[in-house]
Amino acid sequence: MNCAECRENLVACVEGLLGDEQFRHCQAHFEGCADCRAEYAAIAALQQQLAASGRVAAEVSVVGPVMRRVRQQQTVKERSTIMSRLFTRWGLGLSAAAGAGAVILIVALAAPRAHATAAAVMARGAQAVANLTSIHLRGQMRTFPQDNFESISPDSPFCTVELWKQYTPQLEWRVEKPGRVAVMDGQSAVLYIKAPANMGYKVPGATPSAFDTEWLHSIADLSNTISNDLRHAKAQGWKLDLIEETAANGSRQAVVTVHARSGVPDDDYGKNHFLGNADTRRVYRFDAESGQLEAAQMYLVRNSGEVQVFELNEIEYNTPIEPSVFQLQLPADVAWVQDPQTLPDNQKYASMTAEQAARAFFEACAATNWDEAGKFMSPITDQTKEGLGGLEIVSLGQAFSSKTYPGRFVPYEIKLPPQVVNVRVANTNAAKRFVLTGVYDSKLRLQQDLKWSGEPEVLPNNQAYARLSPTETVQAYFDAQAKFDWVEMRKFTSQHDVEETKGQVETAQKMGMDMRKLMPVYKAVEAVWSPEQSAFFVRCQVTGVKKFNLAVRKDNPAGRWQVDGGI
Amino acid sequence: MDLSDRQCVERCRDGHPEDFSLLVDRYQKPLFAYLARRLGDRLEAEEAAQESFVRAFVALKKLRRPELFHSWLIGIASRILKEQFRSEQRRERTRAATGMLMEADLDNGPDYPLEEAIAALPETYRQVILLRYYEGLSCQEAATRLEMPLGTVTKTLSRAYGLLRQELQGRGSTQLAETGKINDELR
Numbered sequence: 001m002n003c004a005e006c007r008e009n010l011v012a013c014v015e016g017l018l019g020d021e022q023f024r025h026c027q028a029h030f031e032g033c034a035d036c037r038a039e040y041a042a043i044a045a046l047q048q049q050l051a052a053s054g055r056v057a058a059e060v061s062v063v064g065p066v067m068r069r070v071r072q073q074q075t076v077k078e079r080s081t082i083m084s085r086l087f088t089r090w091g092l093g094l095s096a097a098a099g100a101g102a103v104i105l106i107v108a109l110a111a112p113r114a115h116a117t118a119a120a121v122m123a124r125g126a127q128a129v130a131n132l133t134s135i136h137l138r139g140q141m142r143t144f145p146q147d148n149f150e151s152i153s154p155d156s157p158f159c160t161v162e163l164w165k166q167y168t169p170q171l172e173w174r175v176e177k178p179g180r181v182a183v184m185d186g187q188s189a190v191l192y193i194k195a196p197a198n199m200g201y202k203v204p205g206a207t208p209s210a211f212d213t214e215w216l217h218s219i220a221d222l223s224n225t226i227s228n229d230l231r232h233a234k235a236q237g238w239k240l241d242l243i244e245e246t247a248a249n250g251s252r253q254a255v256v257t258v259h260a261r262s263g264v265p266d267d268d269y270g271k272n273h274f275l276g277n278a279d280t281r282r283v284y285r286f287d288a289e290s291g292q293l294e295a296a297q298m299y300l301v302r303n304s305g306e307v308q309v310f311e312l313n314e315i316e317y318n319t320p321i322e323p324s325v326f327q328l329q330l331p332a333d334v335a336w337v338q339d340p341q342t343l344p345d346n347q348k349y350a351s352m353t354a355e356q357a358a359r360a361f362f363e364a365c366a367a368t369n370w371d372e373a374g375k376f377m378s379p380i381t382d383q384t385k386e387g388l389g390g391l392e393i394v395s396l397g398q399a400f401s402s403k404t405y406p407g408r409f410v411p412y413e414i415k416l417p418p419q420v421v422n423v424r425v426a427n428t429n430a431a432k433r434f435v436l437t438g439v440y441d442s443k444l445r446l447q448q449d450l451k452w453s454g455e456p457e458v459l460p461n462n463q464a465y466a467r468l469s470p471t472e473t474v475q476a477y478f479d480a481q482a483k484f485d486w487v488e489m490r491k492f493t494s495q496h497d498v499e500e501t502k503g504q505v506e507t508a509q510k511m512g513m514d515m516r517k518l519m520p521v522y523k524a525v526e527a528v529w530s531p532e533q534s535a536f537f538v539r540c541q542v543t544g545v546k547k548f549n550l551a552v553r554k555d556n557p558a559g560r561w562q563v564d565g566g567i
Numbered sequence: 568m569d570l571s572d573r574q575c576v577e578r579c580r581d582g583h584p585e586d587f588s589l590l591v592d593r594y595q596k597p598l599f600a601y602l603a604r605r606l607g608d609r610l611e612a613e614e615a616a617q618e619s620f621v622r623a624f625v626a627l628k629k630l631r632r633p634e635l636f637h638s639w640l641i642g643i644a645s646r647i648l649k650e651q652f653r654s655e656q657r658r659e660r661t662r663a664a665t666g667m668l669m670e671a672d673l674d675n676g677p678d679y680p681l682e683e684a685i686a687a688l689p690e691t692y693r694q695v696i697l698l699r700y701y702e703g704l705s706c707q708e709a710a711t712r713l714e715m716p717l718g719t720v721t722k723t724l725s726r727a728y729g730l731l732r733q734e735l736q737g738r739g740s741t742q743l744a745e746t747g748k749i750n751d752e753l754r
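Have a look at this one:
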């Protein structure tokens with residue numbers, strides 16, 4: 001082997017691609033040729049450096065977080081209300097998971113033929129809705145009613161989620177669930193988080209989606225979804241199945257199942273709290289004749305098994321939508337979220353660490369310095385002031401990150417300031433005992449309507465309960481709740497309330513909260529008769545500690561940390 | 568790879584921002600390695616990588632030569648690094664952390680320009696280097712992915728190694744100089 005032949009084979013030699021004989025020839029040449037030996041050594045060294053660089057980056061994946069931020073640039077998403085920052089009745093603020101990204105239906109290529117066929121079915125579905133004038137989707141989702149549109153809470157009961165979308169003469173849409181609504185009227189998009197939060201956020205422009213509603217829009221806009229996502233599929237390695245079924249009415253359905261993987265590690269704090277961060281199995285049912293989408297289901301896939309988190313059970317194509325659907329009537333006293341502006345002393349805040357910002361925010365709340373607190377959170381509502389004014393910081397931990405969220409989480413423990421809650425009770429029922437019918441804040445604004453689906457039942461020992469005064473009734477209710485005695489609690493409140501409380505407690509425990517310690521302490525103080533409402537209002541004092549993770553992010557033009565959730 | 572860098576950039580500008588994910592997917596690993604080597608902290612490197620991509624997306628319309636996206640991205644990342652290194656205290660801390668946090672793989676010194684040199688390669692050569700070292704494919708697997716004979720892959724690699732060595736030995740590259748100009752436009 002001469003030098004030219006050796007040089008031609010150097011890379012193959014370094015890569016171990018040469019046959020035995022050729023390799024031996026190369027080796028023999030190296031022994032007699034210092035130049036080629038040096039060339040070989042140089043390539044081998046470069047290869048090692050490249051391999052080391054590759055190893056450093058082996059586990060890295062920033063596609064999800066980057067694309068979430070890219071979409072923010074595109075659609076101006078819900079920044080300050082990305083998580084529920086509501087004070088729940090129990091002061092838990094349970095839904096502080098993580099940031100959200102639009103769910104896009106990425107279809108993968110595990111089995112090329114199945115993929116092609118399923119893709120064809122979905123593409124046909126897209127074709128079938130290509131010339132829609134309007135669409136109305138109605139589904140059920142396991143989520144907290146006030147929380148982010150994309151948040152899922154697998155332990156919660158289902159609540160209704162709807163989308164109305166009109167394509168002509170101009171694009172307008174509305175997405176609504178019991179605690180929040182988003183409307184785009186062709187001019188701007190408004191998110192309204194209903195009372196007790198009573199908060200609004202407005203973004204200008206005829207945005208095709210906003211406020212983390214993309215996943216629902218994508219079901220409505222199958223054509224966009226498919227054309228975009230099939231192209232992105234190769235890199236993801238998701239699996240896709242197609243089967244044909246006969247529905248109960250005898251019609252044939254093509255059922256496409258997408259096994260979607262978020263790529264978020266199992267131990268990530270943010271995993272599975274939002275559709276975009278969850279491993280899901282998504283089932284789309286198309287009518288075999290028309291090609292139209294007829295139903296869809298989403299299942300959260302966890303190590304412990306699957307839980308259905310979404311069911312699309314009603315789709316109306318091209319049914320005229322009342323103009324009023326796209327007109328949002330808001331209360332006059334809505335607290336509007338303001339994007340953070342650059343402050344005269346902005347640098348002081350911009351140079352803070354996440355922990356420093358969290359401490360500064362809590363200290364401002366402790367001192368009821370709302371101007372200062374407002375530099376970290378918008379809006380500061382009466383609810384914020386009442387809930388956090390005068391708090392005591394017990395401890396703040398070290399900030400941590402999640403792949404799913406563009407900010408940081410700061411663990412905190414605070415002693416909540418004493419609060420007042422009023423509970424409405426009435427005994428105008430067949431069992432003649434007091435039961436709870438509503439929860440109000442200190443200013444008698446309704447916080448929670450305790451919906452009764454029927455009359456309270458007459459208990460075997462009904463007389464003992466009928467003798468309880470309004471104050472004793474409310475105290476007994478809270479005592480039962482503190483002991484997680486759901487059977488006893490049910491004697492004073494609706495099944496709905498029991499299930500909701502139980503779900504919140506279970507969720508909190510699953511998130512690592514010690515609810516035996518963290519459950520607020522309620523003391524029923526006195527009852528006042530309300531002639532207008534024909535009911536007693538029992539004033540209660542609430543004390544407690546809260547231990548959770550404050551979500552803060554600084555991807556805003558002012559570059560300051562803003563409280564985004566976890567309160 | 569389906570779309571070239573130029574095609575991806577043009578589609579992003581043409582109302583298909585989702586296609587930016589192809590560029591992120593393509594360059595996230597070399598970019599991360601570049602940043603991690605300099606910052607000495609994986610978390611900070613990941614954040615800086617995210618920031619680099621987002622700034623690149625925002626400034627995409629200013630990129631005059633889309634085929635040089637990767638070099639341009641490295642330029643953006645280096646400016647982010649400069650911002651991060653402004654504090655002397657931080658620099659010292661980072662130096663102390665280098666090597667301690669990033670295993671032996673990072674023992675190449677803070678100014679090692681390997682990833683910059685990769686970014687300066689013409690796309691054909693860069694593509695093979697990325698598949699081989701950042702996607703972890705063998706030469707045979709790279710050949711299958713690129714639908715080209717194995718011999719073509721090894722020849723391309725050989726040429727890529729030659730170009731990289733030229734860059735690393737500081738013999739200069741018109742492409743790197745070009746990248747510098749483009750980055751100047753954004754300052």
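Top to bottom, those sequences are chains A and B. Quick note: the first sequence, position 487, residue 487 per this note's numbering, numbers continuous. Quick note: the second sequence, position 95, residue 662 per this note's numbering, numbers continuous. We treat Cβ as the ideally placed atom computed from N, Cα and C, and that holds for glycine.
When the cut-off is 8 Å and only beta carbons count, does residue i lie next to chain B?
i: V60 of chain A; result: yes
i: P65 of chain A; result: yes
i: S218 of chain A; result: no
i: A51 of chain A; result: yes
i: S401 of chain A; result: yes
i: A57 of chain A; result: yes
Classify residue i as buried or exposed, calling it buried when 16 or more other Cβ atoms lie within 10 Å of its own Cβ.
i: A582 of chain A; result: Residue 582 of chain A cannot be examined here, being either before or after the span of chain A that is shown, 1 to 567.
i: S209 of chain A; result: buried
i: R593 of chain B; result: buried
i: K628 of chain B; result: exposed
i: D586 of chain B; result: buried
i: Q48 of chain A; result: exposed
i: R662 of chain B; result: Annotation note: pLDDT 47 at R662 of chain B (below 50); position unreliable, no value reported.
i: K177 of chain A; result: buried
i: L459 of chain A; result: exposed
i: T719 of chain B; result: exposed
Mind checking if residue i is an interface residue toward chain A, Cβ cutoff 8 Å exclusive?
i: I641 of chain B; result: no
i: D592 of chain B; result: yes
i: P633 of chain B; result: no
i: I696 of chain B; result: yes
i: A710 of chain B; result: no
i: P597 of chain B; result: yes
i: A644 of chain B; result: no
Name the one or two DSSP bridge partners that residue i has.
i: G438 of chain A; result: A:R424, A:D449
i: H637 of chain B; result: In DSSP, H637 of chain B forms no bridge with anything.
i: G544 of chain A; result: A:L416
i: N549 of chain A; result: A:P411
i: A335 of chain A; result: A:M199
i: L568 of chain A; result: Because residue 568 of chain A is not part of the residues shown, which for chain A are 1 to 567, the question remains open.
Straight-line CA distance for residue i to residue j?
i: P320 of chain A; j: A182 of chain A; result: 20 Å
i: S638 of chain B; j: K649 of chain B; result: 17 Å
i: P331 of chain A; j: Y201 of chain A; result: 13 Å
i: Y465 of chain A; j: V521 of chain A; result: 22 Å
i: A710 of chain B; j: F361 of chain A; result: 56 Å
i: T473 of chain A; j: R433 of chain A; result: 9 Å
i: G54 of chain A; j: D339 of chain A; result: 40 Å
i: V63 of chain A; j: A278 of chain A; result: 15 Å
Can you tell me whether residue i sits near the ligand MN, meaning its C-beta is under 7 Å from at least one heavy atom of the ligand?
i: T353 of chain A; result: What this structure holds is no ligand at all, so the ligand MN is not there to describe.
- prompt: Of all the residues that make up the stretch 605-627 of chain B, which are near chain A by a beta-carbon distance shorter than 7 Å?
  reply: If you check each beta-carbon in the stretch 605-627 of chain B against every beta-carbon of chain A, the ones closer than 7 Å belong to L610, E613, A616, Q617, F620, V621, F624, V625.
- request: Anything in the stretch 10-26 of chain A with a Cβ closer than 8 Å to a Cβ of chain B? List those residues in chain order, please.
  value: Residues passing the 8 Å Cβ filter: L10, V11, A12, E15, L17.
query: Given a limit of 7 Å on CB to CB distance, which residues of the stretch 35-46 of chain A reach chain B?
result: Those would be A42, I43, L46, in chain order.
- prompt: If contact means a Cβ-Cβ distance below 7 Å, which residues of the stretch 720-739 of chain B contact chain A?
  reply: Listed in chain order, the positions of the stretch 720-739 of chain B with a beta carbon within less than 7 Å of a beta carbon of chain A are T721, L724, S725, Y728, L731, R732.
task: Scan the stretch 677-693 of chain B for residues whose Cβ lies nearer than 7 Å to a Cβ of chain A and list them as they occur along the chain.
output: Cβ contacts with chain A: L681, E682.
task: Using a Cβ-Cβ cut-off of less than 8 Å, give me the residues of the stretch 575-588 of chain B that come near chain A, in sequence order.
output: Answer set for the stretch 575-588 of chain B: H583, P584, E585, D586, F587, S588.
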